[in-house]
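A quick write-up on the structure given underneath.
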Amino acid sequence: NLVIDMLSVMGSLSEEMGALFSEKPQLKDGFRISPEQLEKLRASGVTVFHPAIGLDTYEEALEFIARTNAYVADYPEDLRRIDTVVDMEKAKAEGKLGFIVGLQNSNHFRDVDDVNRFYTLGQRVSQLTYNARNLIGTGSTDRNDSGLSDFGVAIVERMNELGMAVDVSHCGDTTTLDAFDVSKKPVLITHSNVRALAGGHVRCKSDEAIKKMAAAGSVMGITGVRMFVRDKEPTTIEHLLDHYDYVAKLVGVEHLGVGSDMDPDGYDDIAEPAYSKLKGSYKGSYAFRKKIDTDGFDHPQKIYDLTEGLIRRGYSDADIAGVLGGNFKRVLGEIWKPA
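Just so you know, we're using the working numbering here: the sequence shown kicks off at 100 and counts up by one.
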């Protein structure tokens, strides 16, 4: 089956990340990937990755997408940029790994026409905000959420027109609901969880938002980040599966997907001081604990454990195929068609 991870963190690919984030990239940085790293991605069971990151400026976003395009172009036998669902099918048939170009913030849209510019460069998904307020709307960790601005409405309308997917995973409650009300196409929740199961965590979605998502015919990817899964210990893959059960019961399994929000190896293997710096870069409301990964969903082949868990929970083969990729493929096919 086609497997799609609608938010993949690629920290394991040190060569790639060095090239993407170096202030002064050198040719020696390359966009090279070792055979071991490539095999790790292949062995993950995932066909299509969405390695989006949160950036703040037009220049940063332009550079990130340009380097990503160069990276994919350097490995034509192994990688394929995903612009359409046909590209997903081709990647699967050809045994290639697919990369969707996306960003976890829309600060790079200085004006509405920038949506066209970045679409032309290959961007197919844009999260309206990261965790803080921007000119478009409000993020999940800001105290007051005033919803979509007039500029935000215009951005959503242009994204609809071109066929760029709107993502509200990190958006605050009012901005999230506004996006569903304004958009004429399904709005994605690529990586979030059920707030009712996670102690009211601000980065998770309310039942109201989940119902709006389903009413729009959209899909929600469930993440394995520990504090989004459960607010107490232990936190295991069984608790992660509870989120799938909750959404399936609330709105239907056809609205579920995978958005791991994780590195293939997980976060907890990150060396110090980088590990503490990562935790310290977020507000206290993120409520990090000792570990970031969910037990049993913290290794490169976690998609297989998720599949086995869904089987244990009684999901049919067709339902599991939808969760692993079919549901996101369906909704992206609807969104990516130009209006």
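The beta-carbon is built from N, C-alpha and C at its ideal position, and this holds for glycine as well.
If you're wondering where the values come from, they're calculated on a predicted model, not measured in any experiment.
- Leaving aside the five residues that flank T183 on each side, the residues in its chain whose CB is nearer than 7 Å to its CB run, in chain order, W435.
- Taking 8 Å as the upper bound for CB-CB distance, G320 and Y229 are not in contact here, some 17 Å apart.
- V108 carries a coil assignment under DSSP once its states are collapsed to helix, strand and coil.
- Burial check for K304: the Cβ neighbour count within 10 Å reaches 16 or more, so the residue is buried.
- In the DSSP annotation of this structure, the continuous segment of the alpha helix (DSSP H) that includes A142 starts and ends at P134 to A142.
- In this structure, DSSP gives M319 an extended state, which the three-state scheme calls strand.
- If you keep only unbroken alpha helix (DSSP H) runs of at least 4 residues inside the segment 131-214, you get 134-142, 157-172 and 184-193.
- Between P437 and E260 a beta carbon distance of about 7 Å is seen, short of the 8 Å cut, so the two are scored as contacting.
- Counting every other CB atom within 10 Å of its CB across the protein chains shown gives S245 a total below 16, marking it as exposed.
- Here L339 is not near G365, since their CB atoms are 8 Å or more apart.
- Cβ-Cβ distances below 7 Å link P399 to K139, A142, S143, P363 and D364 in the same chain, with the five nearest sequence neighbours on each side left out; the list follows chain order.
- The C-beta of G424 has 16 or more other C-beta atoms within 10 Å across all chains shown, which makes the residue buried.
- By the Cβ criterion, the segment 410-424 is not in contact with the segment 156-169, since fewer than three pairs of Cβ atoms, one from each stretch, lie closer than 8 Å.
- Burial check for S133: the Cβ neighbour count within 10 Å stays below 16, so the residue is exposed.
- Contact annotation: V147 and G221 have beta-carbon atoms that are not nearer than 8 Å.
- Setting aside the 5 residues that flank it on each side, G201 is surrounded in the same chain by H149, A151, Q222, R223, V224 and S225, each with a C-beta closer than 7 Å to its C-beta; the list follows chain order.
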